[in-house]
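In my numbering, the protein residues as written are 423 to 807. Backbone N, C-alpha and C fix where the C-beta goes; we use that ideal spot for every residue, glycine too. Treat the numbers as computed from the prediction; the structure is a model and nothing was measured. Encoded as structure tokens, the structure appears first; notes follow it.
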Ligand SMILES: NC(=O)c1ccc[n+]([C@@H]2O[C@H](COP(=O)([O-])OP(=O)(O)OC[C@H]3O[C@@H](n4cnc5c(N)ncnc54)[C@H](O)[C@@H]3O)[C@@H](O)[C@H]2O)c1
């Protein structure tokens, strides 16, 4: 049997520490590198705690925990990666930081070492070029927290050797993950298709149609989403959520569907970042406001409007071949816990009802944001065979 590849993880923050833990639990020797010794210490502590929790739940034996710990090594210099066969980078989401790192890695790593980026929103092809080894490079987008979230989006670049992508699929399956494959486009699958969940909720709020609590209740109570959009934005952090929206909007050359909201920008500017700062859309020092449930028709209209925009986005992503039908639905159920895949939802809701609903929105607003996806005729044909 082939020896398990030695992994390098660069960046020991929220994502890197979780990915390192996964790799070590998957039986790989792992070297975690960070510029900051405080980050390395924090990562070692966090991984240790997480392994203990898994042991206390009976998911790992004490022997597994000891073996996993024994496979983890921490270093503050990239030189420690010289014996790795795979490196996953999870450093700051900035081109200059990642490009500089990838250039250095190319000089240090063995010629046959594969490199993956955990970027959420940068171009995999751009980073592949900086790596100097685009055939051995791909995007591996984990979700937060990596140990718990079951999904990994794989994003091959234009030059990625298919054998590298296939090996990435095997590795992720070995780590207990499910993979979906996406094209290198802004937001890949999940961060693109989920945009209307936030954007349309913000728009409804800005129009004064309902308050945050009522919009949240519409989504959780009418359609069974685990968290309403405002509670979720506060949970993710408005700074993080706003930055992803901004990046997807900018990356798509200003597509109006992804245009960021001034309301959310103002919260970010005011440092009302959400739960982590004590206040965002909600003030967490007080009891949370009650939704206005008396107008059931209003709740239904809000919930269906946001759902329509999500379905429209999913059909669009399918039509433009960002990913396949099954992958799109698995991505949103596994990556953002939607109660159902959006393409399946379009069938249950009724495709013609989706088209009519989008046409009504467009008729009213006359904005490009509400245009019906050109994918619907093909989607109807696909589902009537
Ligand atoms: N946080 C999320 O929810 C999430 C989800 C999916 C993907 N991502 C992506 O994962 C990556 C990391 O995000 P994060 O949330 O873990 O960030 P983070 O800020 O928690 O951690 C980044 C770490 O990288 C280190 N670092 C920065 N430059 C470095 C360098 N040149 N060499 C070595 N270490 C360096 C920092 O010291 C820090 O410890 C980003 O690309 C982000 O977009 C984040």
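With respect to 7 Å, is the separation between the Cβ of residue i and the closest non-hydrogen atom of ligand 1 below this value?
i: residue 645; result: no
i: residue 639; result: no
i: residue 523; result: yes
i: residue 563; result: yes
i: residue 653; result: no
i: residue 437; result: yes
i: residue 540; result: yes
i: residue 486; result: no
i: residue 430; result: no
i: residue 656; result: no
i: residue 519; result: yes
i: residue 433; result: yes
i: residue 806; result: no
i: residue 512; result: yes
i: residue 458; result: yes
i: residue 461; result: yes
i: residue 455; result: yes
i: residue 515; result: yes
i: residue 566; result: yes
Where do the N-terminal and C-terminal ends of the beta strand (DSSP E) with residue i fall, by residue?
i: residue 797; result: Unbroken run through residue 797: none, as it is neither H nor E.
i: residue 508; result: 508-511
i: residue 578; result: 573-578
i: residue 454; result: 452-455
i: residue 432; result: 429-432
i: residue 602; result: 600-603
Evaluate residue i with the Cβ neighbour count: other Cβ atoms within 10 Å of its Cβ, from every protein chain shown; 16 or more gives buried, anything less gives exposed.
i: residue 805; result: exposed
i: residue 692; result: exposed
i: residue 622; result: buried
i: residue 759; result: exposed
i: residue 556; result: buried
i: residue 525; result: exposed
i: residue 578; result: buried
i: residue 483; result: exposed
i: residue 737; result: buried
i: residue 813; result: Residue 813 is absent from the model: the chain starts at 423 and stops at 807.
i: residue 541; result: buried
i: residue 802; result: exposed
i: residue 676; result: exposed
i: residue 575; result: buried
i: residue 499; result: exposed
i: residue 703; result: buried
i: residue 603; result: buried
i: residue 511; result: buried
i: residue 425; result: exposed
i: residue 685; result: exposed
Between which two residues does the alpha helix (DSSP H) containing residue i stretch?
i: residue 443; result: 436-447
For chain D, check one thing: does any of its Cβ atoms lie closer than 8 Å to the Cβ of residue i?
i: residue 472; result: No chain D is part of this structure, which consists of one protein chain only.
Can you list the alpha helix (DSSP H) stretches of 4 or more residues lying completely in the region 606-692, in chain order?
612-615, 617-628, 634-639, 651-658, 660-673 and 684-691
Give the list of continuous beta strand (DSSP E) stretches no shorter than 3 residues that lie fully inside the region 716-799.
none
Whole alpha helix (DSSP H) elements within the region 529-595, 4-residue minimum:
546-553
Can you check the region 449-493 for any beta strand (DSSP E) of at least 3 residues that lies completely inside it and give the ranges in chain order?
452-455
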